[in-house]
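Visitor:
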Amino acid sequence: MAQPRAEVRLTEIPAPQKIAPYAVAMAADVYPAVLPAPITSTVTTLGAVEDQDPNEPLATGRFILLHDPAGSAVWKSTFRIVTFIRASVEAEMGVDPMAAEVAWTWLVEALDGHQVDYDQAGGTATRVLSESFGVLDDRADAIDIEMRASWSPTNLMGESMENHLEAWADMVCAFAGLPPVPEGVTVLPRARRT
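By the UniProt record's numbering, the letter at position 98 of the sequence shown is numbered 98, and the numbering carries on one by one without gaps.
#1: Pick from D137, P97, S132, E56: whose alpha carbon is nearest that of T126?
#2: Figure out for me which residue from D29, L129, V30, P14 has the closest Cα to the Cα of A23.
#3: Please report the straight-line C-alpha distance between W151 and D144, rounded to a whole angstrom.
#4: Using 8 Å as the cut-off, can you tell me whether the stretch 172-181 makes contact with the stretch 53-66, which would need three or more C-beta pairs spanning the two stretches below that distance?
#5: If I follow the unbroken alpha helix (DSSP H) through M98, where does it start and stop?
#6: Based on DSSP bridge pairs, tell me the residues matched to D68.
#7: In or out: residue 195 buried (at least 16 other Cβ within 10 Å) or exposed?
#8: Which same chain residues, not among the five before or five after L129, have their C-beta less than 6 Å away from its C-beta?
#9: Please go through the same chain and pick out, in chain order, the residues whose beta-carbon is closer than 6 Å to the beta-carbon of V8, but skip the five residues on each side of it.
#10: Out of curiosity, what's the CA-to-CA distance linking A119 and P16?
#11: For I85, write down the residues that DSSP places opposite it in a beta bridge.
#12: Beta-carbon within less than 7 Å of A103's beta-carbon, same chain only, minus the 5 sequence neighbours each way: which residues are those?
#13: Below 6 Å CB to CB, which residues in the same chain sit around R86 once its five sequence neighbours on both sides are set aside?
#14: Tell me the rounded alpha-carbon separation between G113 and I81.
#15: If we ignore side chains and look at the alpha-carbon of each, how far apart do G71 and V95 end up?
#16: By alpha-carbon positions, which one of E131, H67, M26, A91 ends up nearest to T83?
#17: I'd like to know whether the C-beta atoms of G123 and L107 end up nearer to each other than 9 Å.
#18: List the endpoints of the continuous beta strand (DSSP E) containing V8.
#19: Beta-carbon within less than 7 Å of M93's beta-carbon, same chain only, minus the 5 sequence neighbours each way: which residues are those?
#20: Would you call the CB atoms of E166 and P4 closer than 9 Å?
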């Protein structure tokens, strides 16, 4: 079974039924790692969002594995992985003209980091600015970055789909602002401040 980071909560969700004869879908929510007991400390996990509600996800995503035994000329495979990720970002990142390119880089680095073979990768990165008016005027402006990406796994005999799922989970963590964690390293949760 895939082993994402402790901050990631994976759940199976209903898969789309009309895109391919077979499909499975997963949802991921990334939560800040917070110690359960109130402890006073100045040590925090790198990339942790200060004043983040531990009950609100830092990033969310969807992972869909499609299979068509007849194959697809567009996929150039009998399998296709389709993903979506969304996270709120700080204003500086939201207006950075390189934000979309950085999001794509996170995808490529996650796939390469898990040494998966893939082809036909493509996607779009979108920045969404939400401004509230009227009775919602007291809400702060929000900037989200969204990534829709897909790719075709190519070496199904030599690797597991779990590697693709773990790579995607790492990408959701990157969107959440969590630093990469080398294999064998355990991230200490940040202390909750009281």
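Note that CB positions come from ideal geometry on N, CA and C, so glycine has one too.
Guide: Put simply:
#1: Taking the first residue of the sequence shown as position 1, residue 126 is located at position 126. For T126, the nearest C-alpha among the options comes from P97.
#2: Position 23 of the sequence shown, counted from the start, is the residue given in the question as residue 23. Minimum Cα distance to A23 is reached at P14.
#3: Looking up residue 151 in the sequence shown gives position 151. Looking up residue 144 in the sequence shown gives position 144. Separation of W151 and D144 (C-alpha to C-alpha, rounded to the nearest whole angstrom) is 23 Å.
#4: yes
#5: In the sequence shown, residue 98 corresponds to position 98, counting from 1. No alpha helix (DSSP H) contains M98, which DSSP labels as neither H nor E.
#6: The residue given as residue 68 occupies position 68 in the sequence shown. DSSP, once it has assigned bridges, lists no residue as partnering D68.
#7: Outside the shown range of the chain (1 to 194) lies residue 195, about which nothing can therefore be said.
#8: Within the sequence shown, residue 129 is the residue found at index 129, counting from 1. I143, listed in sequence order.
#9: Position 8 of the sequence shown, counted from the first residue, corresponds to residue 8. Hits under 6 Å: A28, V30, A169.
#10: Walking along the sequence shown from the start, residue 119 turns up at place 119. Walking along the sequence shown from the start, residue 16 turns up at place 16. Going by the sequence as given, residue 119 is Asp instead of Ala. Between D119 and P16, the C-alpha separation is close to 22 Å.
#11: Working through the sequence shown from its first residue, we reach residue 85 at position 85. DSSP output for I85 lists G61, M147 as bridge partner(s).
#12: For the purposes of this step, residue 103 is identified with residue 103 of the sequence shown, where counting begins at 1. Same-chain partners within the cutoff: A125, I145, M147.
#13: One-based indexing of the sequence shown puts residue 86 at position 86. For R86, where only same-chain residues beyond five positions count, the Cβ hits under 6 Å are T60, D144, E146.
#14: Within the sequence shown, residue 113 is the residue found at index 113, counting from 1. Within the sequence shown, residue 81 is the residue found at index 81, counting from 1. Computed Cα separation, rounded: 17 Å.
#15: Indexing the sequence shown from 1 puts residue 71 at position 71. Indexing the sequence shown from 1 puts residue 95 at position 95. Taking the straight line joining both Cα atoms gives about 40 Å.
#16: For the purposes of this step, residue 83 is taken as residue 83 along the sequence shown, with counting starting at 1. Of the candidates E131, H67, M26, A91, the one whose C-alpha sits nearest the C-alpha of T83 is M26.
#17: Indexing the sequence shown from 1 puts residue 123 at position 123. Indexing the sequence shown from 1 puts residue 107 at position 107. It is a contact, given that the beta carbons lie within the stated cut-off.
#18: By 1-based counting over the sequence shown, the position of residue 8 is 8. Unbroken beta strand (DSSP E) run through V8: 8-13.
#19: Position 93 of the sequence shown, counted from the first residue, corresponds to residue 93. Within the same chain, M93 has close Cβ partners A99.
#20: The count along the sequence shown starts at 1 and reaches residue 166 at position 166. The count along the sequence shown starts at 1 and reaches residue 4 at position 4. Yes, these two residues count as a Cβ contact at 9 Å.
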